[in-house]
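A.B. asks:
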Amino acid sequence: MANEWILEVLADLTTFAEKNDLHALERQLVLAKQVAELDISANHGMSPHSTGQGIGHVGLLHRATAEG
Numbered sequence: 921m922a923n924e925w926i927l928e929v930l931a932d933l934t935t936f937a938e939k940n941d942l943h944a945l946e947r948q949l950v951l952a953k954q955v956a957e958l959d960i961s962a963n964h965g966m967s968p969h970s971t972g973q974g975i976g977h978v979g980l981l982h983r984a985t986a987e988g
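This note's numbering puts the sequence shown at residues 921 to 988.
1) Would you report the Cα separation of L951 and I960, rounded to the nearest angstrom?
2) Reducing DSSP to helix, strand and coil, say where E881 ends up.
3) Would the beta-carbon of E946 fall within 8 Å of that of E957?
4) Does the distance from the CB of T934 to the CB of K953 come in under 8 Å?
Quick look at the structure:
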């Protein structure tokens, strides 16, 4: 639970990017938040699948963001 603060920081940064029309940054921050959620859940002994997001899902998002 000690690392969950980063999720709030990433959410705040995402809101900032959205409000300032920084669309590429916003997409990357959404991805970063998903990766952080995976890492945090893994550190708590939870399966990434129990959060509804697997590595394959993040990989697809990463590729779409890089291409877009």
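Just so it is clear, CB atoms sit at the ideal spot from N, CA and C, and this is done for glycine as well. Fair warning: this is a prediction, and the values are worked out from it, not measured in the lab.
C.D. replies: On the basis of the coordinates in this document:
1) In the sequence shown, counting from the first residue as 1, residue 951 sits at position 31. In the sequence shown, counting from the first residue as 1, residue 960 sits at position 40. Between L951 and I960, the C-alpha separation is close to 14 Å.
2) Outside the modelled stretch of the chain, which goes from 921 to 988, sits residue 881, for which no answer is possible.
3) The count along the sequence shown starts at 1 and reaches residue 946 at position 26. The count along the sequence shown starts at 1 and reaches residue 957 at position 37. If you check the CB distance, E946 and E957 do not come in under 8 Å.
4) Reading the sequence shown from its first residue, position 14 is the one you call residue 934. Reading the sequence shown from its first residue, position 33 is the one you call residue 953. Result yes, Cβ atoms of T934 and K953 sit closer than 8 Å.
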